[in-house]
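Asker: Please read through the structure below; I'll follow up with questions.
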Amino acid sequence: MPEFPPRVLDEVKSIPGPAGVETESTRDLRHLTWCSIDNDDSRDLDQLTFAKQTPEGGVQVLVAIANVDALVKAGSPLDEHAQANTTSVYAVGHIFPMLPERLSTDLTSLNLHEDRQAIVVEMDFDSDGRLCNSDIYRATVRNHAKLAYDSVAAWLDGSGPLPVPVQAVPGLDENIRLQDQMAQQLKAVRQAYGALDLETIQTRPVFEGDTLKDLVLDRRNRAKDLISNFMIAANGVVARFLKAHQFPSLRRVVSKPKRWNRIVDLAAEAGHLLPRDPSSTALEDFLVWAQATDPTTFPDLSLSVIKLLGPGEYAAQLVDGHIPGHFGLAVGDYAHSTAPNRRYPDVITQRLLKAALDQRPVPYSDEELKQLAERCTEAEDAAKKVERQVRKSAAALLLESRIGSVFDAIVTGANQKETWVRILHPPIEGRLITGQEGMDVGRRLRVQLVRTDVELGFIDFKRQR
Numbered sequence: 411m412p413e414f415p416p417r418v419l420d421e422v423k424s425i426p427g428p429a430g431v432e433t434e435s436t437r438d439l440r441h442l443t444w445c446s447i448d449n450d451d452s453r454d455l456d457q458l459t460f461a462k463q464t465p466e467g468g469v470q471v472l473v474a475i476a477n478v479d480a481l482v483k484a485g486s487p488l489d490e491h492a493q494a495n496t497t498s499v500y501a502v503g504h505i506f507p508m509l510p511e512r513l514s515t516d517l518t519s520l521n522l523h524e525d526r527q528a529i530v531v532e533m534d535f536d537s538d539g540r541l542c543n544s545d546i547y548r549a550t551v552r553n554h555a556k557l558a559y560d561s562v563a564a565w566l567d568g569s570g571p572l573p574v575p576v577q578a579v580p581g582l583d584e585n586i587r588l589q590d591q592m593a594q595q596l597k598a599v600r601q602a603y604g605a606l607d608l609e610t611i612q613t614r615p616v617f618e619g620d621t622l623k624d625l626v627l628d629r630r631n632r633a634k635d636l637i638s639n640f641m642i643a644a645n646g647v648v649a650r651f652l653k654a655h656q657f658p659s660l661r662r663v664v665s666k667p668k669r670w671n672r673i674v675d676l677a678a679e680a681g682h683l684l685p686r687d688p689s690s691t692a693l694e695d696f697l698v699w700a701q702a703t704d705p706t707t708f709p710d711l712s713l714s715v716i717k718l719l720g721p722g723e724y725a726a727q728l729v730d731g732h733i734p735g736h737f738g739l740a741v742g743d744y745a746h747s748t749a750p751n752r753r754y755p756d757v758i759t760q761r762l763l764k765a766a767l768d769q770r771p772v773p774y775s776d777e778e779l780k781q782l783a784e785r786c787t788e789a790e791d792a793a794k795k796v797e798r799q800v801r802k803s804a805a806a807l808l809l810e811s812r813i814g815s816v817f818d819a820i821v822t823g824a825n826q827k828e829t830w831v832r833i834l835h836p837p838i839e840g841r842l843i844t845g846q847e848g849m850d851v852g853r854r855l856r857v858q859l860v861r862t863d864v865e866l867g868f869i870d871f872k873r874q875r
């Protein structure tokens, strides 16, 4: 990355068009009012969603996932390069895709008004939001409306009009409202089991032409929650489907927090008691209380908790083995499967699913899956470092004219060598070079900007006494 070698580009040129129907059992679901909901500028569309009421009073949710494996064959130059990349990298103002754009934004993307092959995860929920039945199968699908998070969320919240693409499809407004209601119900069920409802500070760049003018908050909203909750449910179904078919899988795991004691201290400082042993249910109770008590500082608390929970990683779930679940999502079975245009673990999972559906042998050995899990974790960590480095350089550029300014800040990282803080506006992180004594994650303070280095992405603050 970022360049694709000639043999990969030659293979892409040789592909005549989108994949055709793979098996006689492929269902034709093009008539359903499928829609995509993603960022305004997203072109690599991995999923479509649809919902309908069931005769029993529940809701059936369908998630269609792009059938990337149909064109990216195992062992091909395309596959080998995707395996080396393992993920798309989203830098400020530029995307470095895992797959060439002719694939990821065209031939394998679930594009508007185009017939595409997909893997469909079908989920039946009862009136209480509990999963009753599920199934996975191939289908031909068609995207009837390409929608954006912000406009859909504004409409659902009552602060914006019905998006024009929704108006153009009869019945789609009712369908999206049904999807929203079901997603909120799924979220409530997971929270009852201890899923963490975290709201972090995310930023997106604002450009005037090619000039970076600002970094603004990119907050969570109901449309993002809708997709997130459906994807979590679908990923759980995929993991259990493979387990039921005696297939191994590649899981996404987050073990119990490595710094639970500090989370306990943070809760105590806020006036809330947590148990000494890690408990996702108790932590979620604290987060709900904290958000209700002080919603303005909740994103900062969420960021601190995320830092203290530690990073996730990929792990091979073998047929006769056992690995931890996902602490933050309060699920024991969780496989990444819903973004195969952007993540290689999802391509691996798709191949496992299709082999199970076709009653073919497992396409990977246990040792291969272990090595792939390690490789995907390492490459994803490296990609995140690149994304952070580019964001740091952009932030340094934005702040270089404000040397000497004083900001409110919060400690986001602390160890024996370094302490990191994030100022509240603009939401930018940097290193604390003086006054680190007694600082730990979640501590609030005042800092002064003393140095920036755009090329290296350095931003240095000193503590204001």
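Numbering (the working numbering) for the sequence shown: 411 to 875. The beta-carbon is built from N, C-alpha and C at its ideal position, and this holds for glycine as well.
Do V851 and T822 have their C-beta atoms closer together than 9 Å?
Answerer: On the sequence shown, position 441 is the one that residue 851 refers to. On the sequence shown, position 412 is the one that residue 822 refers to. Yes, they are a contact pair.
Asker: Measuring alpha carbon to alpha carbon, tell me which residue in L625, A598 and Q577 is nearest I838.
Answerer: Residue mapping note: residue 838 aligns to position 428 of the sequence shown, counting from 1. Cα-wise, what sits closest to I838 is L625.
Asker: In this structure, does DSSP put D534 in helix, strand or coil?
Answerer: Position 124 of the sequence shown holds residue 534. In this structure, D534 counts as strand in the three-state DSSP scheme.
Asker: Based on the DSSP secondary-structure assignment, which residues constitute the bridge partners of Y559?
Answerer: Along the sequence shown, one-based indexing puts residue 559 at 149. DSSP lists no partner for Y559.
Asker: With C-beta atoms as the reference, is Q595 less than 9 Å away from G539?
Answerer: Along the sequence shown, one-based indexing puts residue 595 at 185. Along the sequence shown, one-based indexing puts residue 539 at 129. Yes, these two residues count as a Cβ contact at 9 Å.
Asker: Could you tell me if A494 is buried or exposed, where buried requires 16 or more neighbouring beta carbons within 10 angstroms of its beta carbon?
Answerer: As a working mapping, residue 494 is identified with position 84 in the sequence shown. Label assigned to A494: exposed.
Asker: Just how far apart, CA to CA, sit Q463 and T443?
Answerer: Here residue 463 is taken as the residue at index 53 of the sequence shown, counted from 1. Here residue 443 is taken as the residue at index 33 of the sequence shown, counted from 1. For Q463 and T443, the distance between alpha carbons rounds to 14 Å.
Asker: Report the rounded CA-to-CA distance for R875 versus A476, giving the unit in angstroms.
Answerer: For the purposes of this step, residue 875 is identified with residue 465 of the sequence shown, where counting begins at 1. For the purposes of this step, residue 476 is identified with residue 66 of the sequence shown, where counting begins at 1. Approximately 55 Å between the Cα atoms of the pair.
Asker: Between which two residues does the beta strand (DSSP E) carrying F414 extend?
Answerer: As a first step, residue 414 is located in the sequence shown; it is residue number 4 there, counting from the start. Careful: F414 lies outside any beta strand (DSSP E) and carries neither H nor E.
Asker: Is it buried or exposed for E788, if we count other Cβ within 10 angstroms and need 16 for buried?
Answerer: Translated into positions along the sequence shown, residue 788 becomes position 378. Burial call: exposed.
Asker: Once you ignore the five residues that flank D451 on each side, which residues in its own chain have a CB closer than 6 Å to its CB?
Answerer: The sequence position of residue 451 within the sequence shown is 41, counting from 1. Hits under 6 Å: none found.
Asker: Measuring CB to CB, does L509 end up less than 9 Å from N553?
Answerer: In the sequence shown, counting from the first residue as 1, residue 509 sits at position 99. In the sequence shown, counting from the first residue as 1, residue 553 sits at position 143. Result no, Cβ atoms of L509 and N553 do not sit closer than 9 Å.
Asker: Look at the alpha carbon of V579 and the alpha carbon of L782, and state the distance between them as a whole number of angstroms.
Answerer: Numbered from 1 along the sequence shown, position 169 holds the residue referred to as residue 579. Numbered from 1 along the sequence shown, position 372 holds the residue referred to as residue 782. Cα to Cα, the separation comes out at about 42 Å.
Asker: Please name the residue, chosen from P465, E784, V431 and R856, that lies closest to P755 on a Cα-to-Cα basis.
Answerer: The residue you call residue 755 lines up with position 345 of the sequence shown. Minimum Cα distance to P755 is reached at E784.
Asker: Cα-Cα, which of I833, V857, P836 and R853 is closest to I843?
Answerer: Residue numbering aside, residue 843 sits at position 433 when the sequence shown is read from its first letter. That would be V857, whose Cα lies nearest to the Cα of I843.
Asker: Among the candidates L458, C542 and R453, whose CA atom is the shortest distance from the CA of L439?
Answerer: Along the sequence shown, read from residue 1 onward, the residue named residue 439 stands at position 29. That would be L458, whose Cα lies nearest to the Cα of L439.
Asker: Please report the residue range of the alpha helix (DSSP H) in which D710 lies.
Answerer: Within the sequence shown, numbered from 1, the residue matching residue 710 stands at position 300. That run of the alpha helix (DSSP H) goes F708 to L719.
Asker: Considering only C-alpha positions, which residue in the set Y774, D768, D743 and R770 is nearest to V757?
Answerer: By 1-based counting over the sequence shown, the position of residue 757 is 347. Selected option, being the one with the closest Cα: Y774.
Asker: Is any non-hydrogen atom of the ligand NAD found closer than 8 Å to the C-beta of S815, if you look at the structure I gave you?
Answerer: Of the ligands one can find in the structure shown there are none, so the ligand NAD has no counterpart to examine.
Asker: Using beta-carbon positions only, say whether A633 and L566 come within less than 9 Å of one another.
Answerer: Taking the first residue of the sequence shown as 1, we reach residue 633 at position 223. Taking the first residue of the sequence shown as 1, we reach residue 566 at position 156. For A633 and L566, yes; Cβs fall inside 9 Å.
Asker: Report the option in A593, L697, L557 and S486 whose CA atom is closest to the CA atom of D448.
Answerer: Taking the sequence shown and counting its residues from 1, one reaches residue 448 at position 38. It is L557 whose Cα lies nearest to the Cα of D448.
Asker: Which value, in whole angstroms, describes the spacing of the CA atoms of A564 and R832?
Answerer: Numbered from its first residue, the sequence shown carries residue 564 at position 154. Numbered from its first residue, the sequence shown carries residue 832 at position 422. Near 29 Å, if we compare the C-alpha coordinates of R832 and A564.
Asker: For R512, which residues in the same chain have their Cβ closer than 6 Å to its Cβ, ignoring the five residues on either side in sequence?
Answerer: Taking the first residue of the sequence shown as 1, we reach residue 512 at position 102. V422, listed in sequence order.
Asker: Determine the DSSP secondary structure at I758, reduced to helix, strand or coil.
Answerer: Residue mapping note: residue 758 aligns to position 348 of the sequence shown, counting from 1. Helix at I758.
Asker: Closest by CA to Q727, which one among A745, P658, G581 and R587?
Answerer: Here the question's residue 727 lines up with position 317 in the sequence shown. Answer by Cα proximity: P658.
Asker: Let's see if you can read the secondary structure: which residues bound the alpha helix (DSSP H) around T691?
Answerer: Taking the first residue of the sequence shown as 1, we reach residue 691 at position 281. Segment S690 to T703, the alpha helix (DSSP H) holding T691.
Asker: For A725, report the span of its beta strand (DSSP E) as first-last.
Answerer: For this step, residue 725 is matched to residue 315 along the sequence shown. A725 -> beta strand (DSSP E) spans E723 to Q727.
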